[in-house]
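Below is one structure, written out as structure tokens; the observations come after it.
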Amino acid sequence: MTALELLSTVLLAASLFFFTAGTIGLVRLPDSLSRLHALTKADNVGLGFVVLAVGLQTPGWPAAFKLLLTWLLVLAAATNVAFLIAGSVGRDDAPPDDGSEP
Amino acid sequence: MTTVWWIAACGLLVNIGVSLGVMMRRRTAEDPLLAVLLFGTVGVALLVVLAEALDAPRGLDVALVLALLAAVFGVAGVRTGWFGDRRGKGAGR
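Chains as they are written, first to last, in this note's numbering: chain P, 3 to 104; chain U, 8 to 100.
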């Protein structure tokens, strides 16, 4: 295993750590805004680590550039969608959903 | 190195499975939208890792398209209220 492969493995492990943190947040946190927080921050950092790990193994610049583009696109998209969801939660005057069936 | 990619892919798949299992219980009204967000990030990561594991560079294109679609689908889902009984939203409805 070369040094680059070792670095990729470490980066993948880091990404799995962040993705798992996001999932744990999703499972454990009670309300929508907290879960949105866990999902967007942790998962986007995890995706960044995955992109770095794969980018180190890709042979040429075009593929690496495409990976970078994908990550930036996901960052922008996740940010916007998260703000939209959070905004629609904030406008909700109804009492917080406690999970009980109507 | 291929083994490492496959292990990472399995880890991501477990993450998606657990998250979707939680969301199927639908504790809050926003759960379906959170699922869209989840597929936007973890799904793209899974595709990128699988592209490397299977040595299929075209997988990166698929990941890029999924990222684009997740953006459009997420915005449309919030704005039109596709996902059912989110009370008092009214945006686009």
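Built from N, CA and C at the ideal position, the CB exists for glycine as well.
The three-state secondary structure of U/Arg32, taken from DSSP, is coil.
Contact between the segment 10-25 of chain P and the segment 67-79 of chain P is not established, with fewer than three Cβ pairs separated by less than 8 Å. For P/Val53, the enclosing alpha helix (DSSP H) has its first and last residue at Ser34 to Gln59.
Taken through DSSP and simplified to helix, strand or coil, P/Thr4 comes out as coil. U/Met31 is outside the set of residues whose beta carbon lies under 8 Å from a beta carbon in chain P.
A direct Cα-to-Cα measurement between U/Arg32 and U/Val25 gives close to 11 Å.
Here the alpha carbon of U/Leu53 sits roughly 10 Å from the alpha carbon of U/Leu67. Contact of P/Phe20 with chain U by beta-carbon distance below 9 Å is absent, the smallest such distance being about 10 Å. A straight-line Cα-Cα distance of about 16 Å links U/Leu40 and P/Leu31.
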